[in-house]
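Structure record follows, encoded as structure tokens.
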Amino acid sequence: MNPSGASVSLIGHVALLAIISFGGVPGVLPDLRDFVVSANGWLTDREFANCFAIVQAIPGPNMILMMSLIGWKVGGLPVAIASALVTFGPPCALSYTAFHFWDRFRDAAWQQRVRRGLAPVTIGLVIAGGAVMARTGDSGWPSLAITTAAIGLMLMTRINPLWLVAAGGALGGLGVL
Amino acid sequence: MSSALNEAQVRPPTTLGALFLVFLKVSMYGFGGPIVWVRRIIIEERHWLSDREFADLLSFCQFMPGPNVVSITVCIGAKFRGPAGALAALAGFILVPWTVGFSLGVLFLSYAHTPLLQGILRGVAAAAAGLLIATGIRLLLPHRHRPIALAFAMLAFAGLAGARLPLLIVVLALVPLSIALARPDQVPAR
């Protein structure tokens, strides 16, 4: 496949994944990995893992940045920008439209019931996301200790979470992990 | 522990500029997934929404495609200031943070193989995971007197993090049941 063919094909795939990613973008990462690493060989497995780790370690819209970094690897800046746009554009338009409908019926009994049913599942998924992320590093008990300490401090103190992130990075940089 | 914010203390934002700036801040702080920061900044600092309203919005947005937090941004903007609010919040969330984050990301990518950066990335990822888990626990607190809700949160957690089932399967299996077993609010559970 020629380079521009690769770019178009990547953007198309990212757009498709974004619009079917009900429940959020992290759920499509396995599929994305298969597409860019196994099927097309645009990135190595290591590079894909690095992209994921980097977007966790920098601020900003993580998953949009992840798509952009993959786009950058495949076709440079234009593809990076296009990947970002297709990741958030169509889903945004859909959310906006659906939200109007949702908000209009916010006092309806059916919606209260739907909300009460959805909320706990959603919250379970958020916690699971954290747990899966905690294990991606796969670097043993020091990592786990940092995660546990961050949970405890976040719940029991009013410390600014940025300090926890910085402390984690510093310990990692010192080679503790 | 900070107490859950209740409806009486809520003070919605009034200007498009405030929406732009707050979502810029949420995005620039976004370690551990911006949900951590949406909750911290919009609820704890600004009191724009109650914890309950936020949990409701979050569950709606979880079932929209695309990055959840972008959908939260659009919905909060739209809730307070209509289409202009949605655009202001989205612009704040994306424009500057994407440019900064992308530049840093490209720079990091070229040093990703060095042991120092690998170590830092691991440490940051471990702490960020903790923030995300703690945010989930905070969101669960208002539901702590509803055993059925706790059970469904546990099942969702176990399905995704324990059994590593595909997200779609977990959602399709649990959501209809959870809705069927939920009762509409008679007394707001606090």
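Those protein sequence lines, which keep their order, are chains F and U. Going letter by letter, the first sequence gives residues 1 to 177 in my numbering. Going letter by letter, the second sequence gives residues 1001 to 1190 in my numbering. The C-beta atom is built at its ideal place from N, Cα and C for all residues, glycine as well. Fair warning: this is a prediction, and the values are worked out from it, not measured in the lab.
CB contact below 9 Å: A1091 (chain U) versus chain F: no
If you run the structure through DSSP and keep just helix, strand and coil, what is P61 (chain F)? coil
Identify the continuous alpha helix (DSSP H) that holds T1135 (chain U) and give its terminal residues. P1115 to L1140
Does I11 (chain F) come within less than 9 Å of chain U when only Cβ atoms are used? no
Answer yes or no: does any C-beta atom of chain F fall closer than 9 Å to that of P1012 (chain U)? no
Beta-carbon gap between M1192 (chain U) and P1083 (chain U) smaller than 9 Å: Nothing about residue 1192 (chain U) can be read from this structure; chain U reaches only from 1001 to 1190.
Apply the 10 Å Cβ neighbour rule to S38 (chain F) and answer buried if 16 or more other Cβ atoms are within range, or exposed otherwise. exposed
Which same chain residues end up closer than 8 Å to T44 (chain F) when comparing Cβ atoms and leaving out the 5 residues on each side of it in sequence? V37
If you draw a straight line from the C-alpha of E47 (chain F) to the C-alpha of V1100 (chain U), how long is it? 21 Å
Under 9 Å between the Cβ atoms of L65 (chain F) and G1105 (chain U)? yes
At least three beta-carbon pairs within less than 8 Å, the segment 1149-1167 of chain U to the segment 156-173 of chain F: no
Given that a residue counts as buried once 16 or more other Cβ atoms are within 10 Å of its Cβ, and exposed if not, what is Q1009 (chain U)? exposed
Give me the chain F residues within the contact set of T1015 (chain U), using Cβ-Cβ distance strictly less than 9 Å, ordered along the chain. Correct list: empty, because the minimum Cβ distance to chain F is about 20 Å.
Reduced DSSP category for W72 (chain F) - H, G, I as helix; E, B as strand; rest coil: helix
Would R1046 (chain U) pass as an interface residue toward chain F - the criterion being a Cβ-Cβ separation below 9 Å? no
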